[in-house]
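A short worksheet on the structure shown next.
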Amino acid sequence: MLYQSQSAKPGNVIKFCLFIFFLALISIPAFSQNKSNYSLLWRISGKTLKQPSYLFGTMHVKDKRAFQFSDSVMLALQRCEAFALEVHPDTLLYDMFTAIDKDDSKRIREMLTDEQYKELAKRFEQKNGYPMGEINSLVIENLIDRKKPKPDDKNTFVDAYLLGIANTLGKNVNGLEKSKDQVNFFDDADKLKSRIEYYLDGKDTLAEDAEMDKLTNLYSKGYLDDIYKYLDENNAFDSVLIARNKVMLNSMLRIMATKAMFTAVGVAHLAGGDGLIALLRKNGYTVTCVNASFTGVSDQFKIDQSRFPWTTFTSKDDGYTMEVPGPPMIRDAHENSFKIVIYPDMVNELYYGAYVIPMPSNGKESNLQAVENGVKRYKASMQGKLIDEKIISVNNLPGVELVVKTQETTMRMEFVAKNNLLYCLYLGNRADALHQPDANRFFKSLRIFQRTEKPATPWINYKNPEGAFSVSLPVVPQLFNKEVPLAAGSDLGPYLLHIYSSADEKNKMEYLVRYNDLPTGMYMFGEQAAFESIFQSFKGAGGFIGKPVKIQKDGFEGRSVKLTFSNFNAEANIYIRGNRQYFLLRQSTVAGGKVMPKDDFFNSFKFTDYQDAPSFIYKPADESFSIDLLSKPKTKKDSIGNTTYLQNSITTLATNPASGAVYGVEYLKIAPYYRAENVDTLYKNVINKLLSYTDTLLKVDTVLFDGHKGREFITQTKNSAHKKRHRLFIDQQSMILLTGYMNSDEYFSAASNRFFNSYVKLKDAAPFDIKASKADRILGDLRSPDSTITKSAKGALNYYDFTDTELPSVYAALKRSYPDDTLYQGIRHKLINKLIKCHNDSTLNQLNVLYHATNTPDELKLAVLRVLPVIDKQKGYPLYFDNLTTTPFIKLQENYEAFLPLQDSLEYAAANFNRIMPLLKHPQYRQRVLSLAVNLLGDKNNAFADLIKSNYQELTSYNGQDIDSYLTDTATTAYNTSVYYYLQLMEKVPGHPDVDSFTAKIIKKGRAGSQLLNAVSARIANHLAVPPSVLNLLLDSIGTRYDVMAAYNKVNQLNKVPLKYRTPAEFGRVCMYNYVGENSDEEAYPDKVSFLGTVSYQGVSYYVYKFRQLLSDESRDIIGVYKHHKIGAAGLDFKKYNCFANWSSKKVNWQLQAQKMIAEWKKQK
52 MLYQSQSAKP
62 GNVIKFCLFI
72 FFLALISIPA
82 FSQNKSNYSL
92 LWRISGKTLK
102 QPSYLFGTMH
112 VKDKRAFQFS
122 DSVMLALQRC
132 EAFALEVHPD
142 TLLYDMFTAI
152 DKDDSKRIRE
162 MLTDEQYKEL
172 AKRFEQKNGY
182 PMGEINSLVI
192 ENLIDRKKPK
202 PDDKNTFVDA
212 YLLGIANTLG
222 KNVNGLEKSK
232 DQVNFFDDAD
242 KLKSRIEYYL
252 DGKDTLAEDA
262 EMDKLTNLYS
272 KGYLDDIYKY
282 LDENNAFDSV
292 LIARNKVMLN
302 SMLRIMATKA
312 MFTAVGVAHL
322 AGGDGLIALL
332 RKNGYTVTCV
342 NASFTGVSDQ
352 FKIDQSRFPW
362 TTFTSKDDGY
372 TMEVPGPPMI
382 RDAHENSFKI
392 VIYPDMVNEL
402 YYGAYVIPMP
412 SNGKESNLQA
422 VENGVKRYKA
432 SMQGKLIDEK
442 IISVNNLPGV
452 ELVVKTQETT
462 MRMEFVAKNN
472 LLYCLYLGNR
482 ADALHQPDAN
492 RFFKSLRIFQ
502 RTEKPATPWI
512 NYKNPEGAFS
522 VSLPVVPQLF
532 NKEVPLAAGS
542 DLGPYLLHIY
552 SSADEKNKME
562 YLVRYNDLPT
572 GMYMFGEQAA
582 FESIFQSFKG
592 AGGFIGKPVK
602 IQKDGFEGRS
612 VKLTFSNFNA
622 EANIYIRGNR
632 QYFLLRQSTV
642 AGGKVMPKDD
652 FFNSFKFTDY
662 QDAPSFIYKP
672 ADESFSIDLL
682 SKPKTKKDSI
692 GNTTYLQNSI
702 TTLATNPASG
712 AVYGVEYLKI
722 APYYRAENVD
732 TLYKNVINKL
742 LSYTDTLLKV
752 DTVLFDGHKG
762 REFITQTKNS
772 AHKKRHRLFI
782 DQQSMILLTG
792 YMNSDEYFSA
802 ASNRFFNSYV
812 KLKDAAPFDI
822 KASKADRILG
832 DLRSPDSTIT
842 KSAKGALNYY
852 DFTDTELPSV
862 YAALKRSYPD
872 DTLYQGIRHK
882 LINKLIKCHN
892 DSTLNQLNVL
902 YHATNTPDEL
912 KLAVLRVLPV
922 IDKQKGYPLY
932 FDNLTTTPFI
942 KLQENYEAFL
952 PLQDSLEYAA
962 ANFNRIMPLL
972 KHPQYRQRVL
982 SLAVNLLGDK
992 NNAFADLIKS
1002 NYQELTSYNG
1012 QDIDSYLTDT
1022 ATTAYNTSVY
1032 YYLQLMEKVP
1042 GHPDVDSFTA
1052 KIIKKGRAGS
1062 QLLNAVSARI
1072 ANHLAVPPSV
1082 LNLLLDSIGT
1092 RYDVMAAYNK
1102 VNQLNKVPLK
1112 YRTPAEFGRV
1122 CMYNYVGENS
1132 DEEAYPDKVS
1142 FLGTVSYQGV
1152 SYYVYKFRQL
1162 LSDESRDIIG
1172 VYKHHKIGAA
1182 GLDFKKYNCF
1192 ANWSSKKVNW
1202 QLQAQKMIAE
1212 WKKQK
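Letter by letter, the sequence shown follows residues 52 to 1216 of this note's numbering.
Below you can see the structure in the form of structure tokens.
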């Protein structure tokens, strides 16, 4: 099978190595332009040397100015037997590959803030074209390299160019330092963090470019004294550089003792009292500058890769040989399921490589068909653009050649199949080199032979204490960890997958056990949702064969499912154990092959006891207490606001690494304005407040917190077996809530008890009298010049309940003015509403005085009108009505509060309707009176219909004035509420002559929307003709069709609706549209409703539809069912929609899913 993962992208791997290798060689460049002072090449002679050696200062750039070598440079290199760089390239490559496999994501994440890490991931994806997964310091170094290439740059760096010349001349290549020291340099946490932060800051890129140009120019002049001066001014000569010089010196002395050597190191290592020139002289050697001439001698020396010492690589396991320019590296790829062989050509910035994967033939396909099938699977998952594809012959075997271009590299690949294996050779990085002679030599060198089959070995019983499981496997598994980031924008960390892979090569099977805990800050809410999430992740990678089957293992629920991945069959078992997910997979490595007969893999899997949990002592910022959270936590400060008595919430969550259980500490402050009868009442209130509508309280016990009384309580999520254990401690104004999210076998485990019993009080809290009145403090702080204090005091009005004894203070506060008096929910607005719950005999009078005060704004008058009849219905209604219907009238257009008492008591409104009608002459009241009239018409007992009919003429006496206002409003979004209520009256009280002209004006206006729909509905109710173009417009839209059809049905004229809209399937579709819009949590109407077909349940046909919701964040198909009811001659039921949906995603077998949904629907009925 062909895999495409980051670890299997040769181009990305080698670009890391190319970059880091040469970055390791750089030692700060230089410049000077007077060629007479050129002093980069030095002759070393004297002491016991039989032949002179040479020292040359390099610079790590491709800029063509740095390649202006004097005649003596190449001649000196030609004379020497050996060539030396700071590190040996082969050794460095090996160490680089070892380091590049290291997953250092966790350490890098912890050294950065969440915002910095998100920005780093964003830039990584922008540069590479795929999300950032596992990273380490080498990946980071490649990412933060900000060098900008120039059109006339050379193909390689100065250092690499000299290495190429040395290889062409057959020189022995040496390294002066240990490569691991160079690799470890990049791993230093402080230096790495500093480099990342500098990169993310990104403010000095222009300055960097200018400085690099200056350095390159200085180096091209070659005057070492100028170079030294510049470096010294920039503090380049630190202790690290000096120590490296000494290491290089010792290596030079050892090698020069036996052979002449040309040493090429960063120019910074040459000059100064601690530089190599001075150190050599101190050791008794004569070091002299070689005279420079520039007649073009060095230009005659060319890199000839055909003269390099090419290596023949042989793989007995995979049965092939190939030639590469140097000794290759072997690297595990795709979850250790196969090997990548790779050789990075540092000289030409190319990479050569190969890999082999199982691709057995099914016996029916030719070699070429097998290759084409493998290539097809590769192309389905490749990241990049296919440039070219053609059929080729590789040593008399048919094959396929691809050329693929990614964001940063171009790669040539050749595929061929033999011995039930698919072989791939690849070469990449530079498009201009893909078909050069050296490239062709590489591809033509492939030779395939019969590999030796490995003998079968007995299976092992593998135990994993960290994952708390055991299982039988063919061989000891290989472990690799993988980070999977959450959705963009998430503040939580990634999933860390622990993956154990074991292969049975003889039987061509792969076995995989994967487990993962949820990221810190997340916990499981239900197994079914977790299973659904896992199944969703399979989409795109493969598909189900059949449906998942519910299974059990050691008391834990799971699912068994058969799958296919790119034509490779597999079986999987999935289990949920608390907050930990387990995924077991057995997969055939034969394309299209069936999974072999059952083995012991699934049956042998067992859950084992968790390891002992570690310890991590957590203290909040004020260090008032400590808790053992078992691991390093993640803390988040929640913005609760001032409207609740629990404030300043700081939630800290940690995961027990031994079990995946999540433990949380929520630290809150009780608002200084809060009052309760006693602490026991507060405990009760808090526990009830903490219960969500999905939780049930199972038990509450009094427990001790470090010698202080608190509460322990257990909650259970409704409709599931999920429970949570909590402990709550209230200490004066502080509240500490401990919560455990875990599996049932952990509720009272040793680790759980350690967490819940670990609370230690470190400081005494300031005294707080919870029973004392806070009224004077609240009302006083409402006048504070400090807006923060005022806001907190105002928020207290949401939870503080005044008592009778505090009412005088409230009345006094109502007489004061506040800056927010004209705002809904301003201070006085809130105080007025508080009087609904607490009032006395003088409350109505106090409010009436406030209403008539000259400085009382209309906004507060509305609030007064609203509460008068609520406080005292008998006395309040007359007072309310007198204020509403006499001067001074409220001038605000938004005055709905003023009429709420009438809407709340339609009987009272009807009895006093003659006093209400005069309010029509006030434009700001008119829509409220009309709204009241429509609501009276809508009374379920039809008790007030005659009242409205008798007042119809007066109610509509201003419709001409209002329709003209509506028609002259040019705004496309214009909406006149009074017009809406006129249309409602005309529809419900038909038969009046003004309907025709009134509705015709709206239709003529041509403005789409609800007014047009209401106008058409009114015309239908009055048996007036509707223009065909308008009728077709409304019927064509699924959003308006149902209302038009209902209007025609009401007057027994449904036959005027085209038959295509009256079929059961189409009528069910429009019913489903309205059902979804009115019943979804988001109140979002579907984007599209599609008819899937019918199903039969208990002999009755149901219609099935799929839809997606417009406002939903999820992009998924949902299904719903409709039962057709034949009512009357028309055969359509407009009394109800007769639809049902449980908002589950559409499954492949939607017919069976629909039948189960119908059974659920019938139970609800």
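The beta carbon of each residue, even a glycine, is placed where N, CA and C say it ideally should be.
The beta carbons of Met786 and Leu697 sit about 7 Å from each other, so the pair counts as a contact at 8 Å.
In this chain, Arg1120 is not harboured by any beta strand (DSSP E); it is covered by the alpha helix (DSSP H) spanning Pro1115 to Asn1130. Taken in chain order, the complete beta strand (DSSP E) segments of 3 residues or longer contained in the segment 758-812 are 759-768, 774-782 and 785-792. Inclusion of Tyr810 and Phe756 in the CB contact set at 7 Å is warranted, their separation being smaller than that value. A Cβ-Cβ distance of about 13 Å is found for the pair Asn934 and Tyr976, leaving them out of contact under the 8 Å criterion. Contact between Phe807 and Arg778 holds: their C-beta atoms lie close to 5 Å from each other, under 8 Å.
When DSSP states are grouped into helix, strand and coil, Val564 belongs to the strand group. Look at Tyr429 here: in three-state DSSP terms it is helix.
Annotated as proximal: Leu1064 and Thr1091, with beta-carbon spacing under 7 Å. Here Val980 is near Leu971, since their CB atoms are less than 7 Å apart. Taken atom to atom, the span from the alpha-carbon of Ser96 to that of Ile393 is near 40 Å. A residue is called buried when at least 16 other Cβ atoms come within 10 angstroms of its Cβ; Ala431 does not meet this threshold and is exposed.
In the structure shown, Gln1202 adopts helical secondary structure according to DSSP, grouped into three states. Contact annotation: the segment 364-378 does not touch the segment 432-440, with fewer than three C-beta pairs closer than 8 Å. Between Phe352 and Asp210, the alpha-carbon positions lie close to 15 Å from each other. Residue Ala826 holds the alpha-carbon nearest to the alpha-carbon of Pro859 among Leu911, Ala826 and Thr839. Contact check for Arg94 against Val375 fails: the beta carbons are separated by 7 Å or more.
Buried is the label assigned to Ser230, since at least 16 other Cβ atoms lie within 10 Å of its Cβ.
Shortest Cα-Cα distance from Ala705 to any of Val445, Pro723 and Leu680 involves Leu680. Checking the DSSP bridge columns, you'll see Thr706 partnered with Val713.
According to the DSSP assignment, Ile999 belongs to no beta strand (DSSP E) but to the alpha helix (DSSP H) extending over Ala996 to Ser1001.
Excluding five sequence positions before and after Pro1041, the CB atoms of its chain that fall closer than 7 Å to its own CB belong to Ala1072 and Asn1073, given in chain order.
Residue pairing for Arg382: DSSP places it in a beta bridge opposite Ile391. Here Leu92 has Phe107, Ser123, Val124 and Val341 as same chain residues with Cβ atoms under 6 Å from its own Cβ, once five neighbours each way along the sequence are excluded.
Cβ-Cβ distances below 8 Å link Phe667 to Asp679, Leu680, Leu681, Ser682, Lys683, Pro684 and Ala705 in the same chain, with the five nearest sequence neighbours on each side left out; the list follows chain order. Excluding residues up to 5 positions away in sequence, Thr461 lie with their Cβ nearer than 6 Å to the Cβ of Ala482 in the same chain.
When C-alpha distances from Gly273 are compared across Gly404, Gly347, Phe118 and Leu485, the shortest belongs to Phe118. Inside the segment 472-552, DSSP marks whole beta strand (DSSP E) runs of 3 or more residues at positions 472-479, 511-515, 520-524 and 529-535, from first to last along the chain. With fewer than 16 neighbouring CB atoms inside 10 Å of its own CB, Ile887 falls in the exposed class.
Measuring C-alpha to C-alpha distances from Pro939 to each of Thr907, Gly226 and Lys98 identifies Thr907 as the nearest. Three or more Cβ pairs closer than 8 Å define a contact, and the segment 1200-1207 falls short of that threshold against the segment 1183-1192. Taking the Cα positions, Lys1174 is about 38 Å away from Tyr626. Excluding its 5 nearest sequence neighbours in each direction, Ser1195 has C-beta neighbours in its own chain below 8 Å: Ile1169, Ile1170, Gln1204 and Met1208, listed in chain order. If you look at Tyr626, you'll find it in the beta strand (DSSP E) that goes Phe619 to Arg628.
Here Gly1011 carries a helix assignment [DSSP, helix/strand/coil]. With respect to the C-alpha of Glu622, the residue from Thr640, Glu608 and Leu789 having the closest C-alpha is Thr640.
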